[in-house]
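Novice: Numbering (UniProt numbering), first residue to last: 1 to 81.
1. Counting only the same chain and skipping the five closest in sequence on each side, list residues whose C-beta sits under 8 Å from that of residue 65.
2. What separation, rounded to the nearest whole angstrom, lies between the Cα atoms of residue 42 and residue 50?
3. Pick helix, strand or coil for residue 26, following the three-state DSSP scheme.
4. Quick one: grab the DSSP three-state call for residue 3.
5. Kindly identify the DSSP beta-bridge partner or partners of residue 72.
6. Express the C-alpha separation of residue 14 and residue 8 in angstroms, rounding to a whole number.
7. In whole angstroms, what is the alpha-carbon distance linking residue 19 and residue 4?
8. Along the chain, where does the beta strand (DSSP E) containing residue 15 start, and where does it finish?
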């Protein structure tokens, strides 16, 4: 996956195993970055499952963290006693 998205990782997206998080400062830029990621995946014959995708989210919970435009925090459900 890192090779497929070479040049985008760190700039437009992050990759962990088969998970990809695309981030952008604006919705317009986000659509452009998503299209670029989708084209790269298509170019190497990789497919995505729509039911596993979350698109255009302002907040996502990922690997025990809550990621928002303001930053990254701990998922409160993971820290509740």
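Even for Gly, the Cβ is constructed at its ideal location relative to N, Cα and C.
Fair warning: this is a prediction, and the values are worked out from it, not measured in the lab.
Specialist: Taking the geometry as given:
1. The residue given as residue 65 occupies position 65 in the chain shown. Closer than 8 Å at the Cβ level, and outside the excluded window around residue 65, lie 72, 73, 74 and 75.
2. Your numbering for residue 42 matches position 42 in the chain shown. Your numbering for residue 50 matches position 50 in the chain shown. Taking the straight line from one Cα to the other gives about 14 Å.
3. Translated into positions along the chain shown, residue 26 becomes position 26. Three-state result, residue 26: coil.
4. Along the chain shown, read from residue 1 onward, the residue named residue 3 stands at position 3. Three-state DSSP puts residue 3 in coil, outside helix and strand.
5. The sequence position of residue 72 within the chain shown is 72, counting from 1. BP columns for residue 72 point to 67.
6. On the chain shown, position 8 is the one that residue 8 refers to. On the chain shown, position 14 is the one that residue 14 refers to. For residue 8 and residue 14, the distance between alpha carbons rounds to 8 Å.
7. Along the chain shown, read from residue 1 onward, the residue named residue 19 stands at position 19. Along the chain shown, read from residue 1 onward, the residue named residue 4 stands at position 4. In a straight line, the C-alpha of residue 19 is about 13 Å away from that of residue 4.
8. Taking the chain shown and counting its residues from 1, the one referred to as residue 15 is at position 15. Taken as a continuous stretch (DSSP letters only), the beta strand (DSSP E) holding residue 15 covers 13-16.
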